[in-house]
Amino acid sequence: MMITYFAWAAMITGICALVMVGRLVAGPTIPDRIVALDSINTMVVALMILLSLVYDSVVMVDVAIVYAALSFVGTMFIARHLEGGV
Amino acid sequence: MSPVLREALAFLLMAGGAFFSFASVIGIIRFPDVYTRIHSGTKALTGGATLILLGAALYAPSWQIAAKLFLIAGFLMATNPIASHALSRACYRHGMRPEVIFVDEYGPVADEEAKK
Numbered sequence: 000m001m002i003t004y005f006a007w008a009a010m011i012t013g014i015c016a017l018v019m020v021g022r023l024v025a026g027p028t029i030p031d032r033i034v035a036l037d038s039i040n041t042m043v044v045a046l047m048i049l050l051s052l053v054y055d056s057v058v059m060v061d062v063a064i065v066y067a068a069l070s071f072v073g074t075m076f077i078a079r080h081l082e083g084g085v
Numbered sequence: 000m001s002p003v004l005r006e007a008l009a010f011l012l013m014a015g016g017a018f019f020s021f022a023s024v025i026g027i028i029r030f031p032d033v034y035t036r037i038h039s040g041t042k043a044l045t046g047g048a049t050l051i052l053l054g055a056a057l058y059a060p061s062w063q064i065a066a067k068l069f070l071i072a073g074f075l076m077a078t079n080p081i082a083s084h085a086l087s088r089a090c091y092r093h094g095m096r097p098e099v100i101f102v103d104e105y106g107p108v109a110d111e112e113a114k115k
């Protein structure tokens, strides 16, 4: 029964991430795209956790930790690049 | 904790997380400005992902996995505001200004920093 809730939440989150790709493609400026990319990264972390519970595979939790760290580093690096430092 | 209570709590947290994600997507699609989009995306998504992670931690198969989920939730709550702050400051220094603005306290400071 609980697996059904997880699957529904995963479906909603996945659809939200897919809609966010529209902003990533159509964003008028570069920071808009970066905001959309950051949001997609956060959603993908949540989606990984939900799918790891649905499919009962523990490995995806570790993958989600590394993915969250890498997305943070990537966003910070692009922000510094926009600022003109790098 | 009884199984029924745990299931209900996990369901409520999941529903809250899904709602926050949905609201964040609506904000990112509909808002007119990059600053409002940063506001919508980061604030709503931090809440949404954290709620989903807490709901998943309630239903994790073992306590080690629950600890890992709490770790990810704390990491997201720590790093997402930092990234959004750096991004908005970079946008301001990049030359973008908000469309509707009443108080701009960072403008003179940014001009002073640009002169140096």
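Chains as they are written, first to last, in numbering that gives the first Met the number 0: chain U, 0 to 85; chain C, 0 to 115. Here a beta-carbon is modelled for each residue, glycine too, at the ideal position from N, C-alpha and C. Small disclaimer: the values here were computed from a predicted structure and weren't measured.
Going straight from the alpha carbon of V60/U to that of I48/U, what length do you get?
Distance between the alpha carbons of V60/U and I48/U is about 6 Å.
Following the continuous alpha helix (DSSP H) through T28/U, name the residue where it begins and the one where it ends.
Unbroken run through T28/U: none, as it is neither H nor E.
Can you give me, in chain order, the residues of the region 16-28 of chain C that have a beta carbon less than 7 Å from any beta carbon in chain U?
Listed by position, the residues of the region 16-28 of chain C near chain U (Cβ gap below 7 Å) are G16, A17, S20, F21, S23, V24, I27 and I28.
Is there a Cβ of chain U sitting closer than 8 Å to that of F69/C, yes or no?
By this cut-off, F69/C is not an interface position.
Under three-state DSSP, which class holds P80/C?
P80/C: helix per DSSP, three-state reduction.
Against chain U, with Cβ distances strictly below 8 Å, would Y58/C count as a contact?
With 8 Å as the cut-off, Y58/C counts as an interface residue toward chain U.
At a CB-CB cut-off below 9 Å, which residues of chain C make contact with V62/U?
Those do not exist, as V62/U stays about 11 Å from chain C at its closest Cβ, beyond 9 Å.
Taking Cβ positions only, does Y4/U come closer than 8 Å to chain C?
Answer yes: the Cβ-Cβ gap between Y4/U and chain C drops below 8 Å somewhere.
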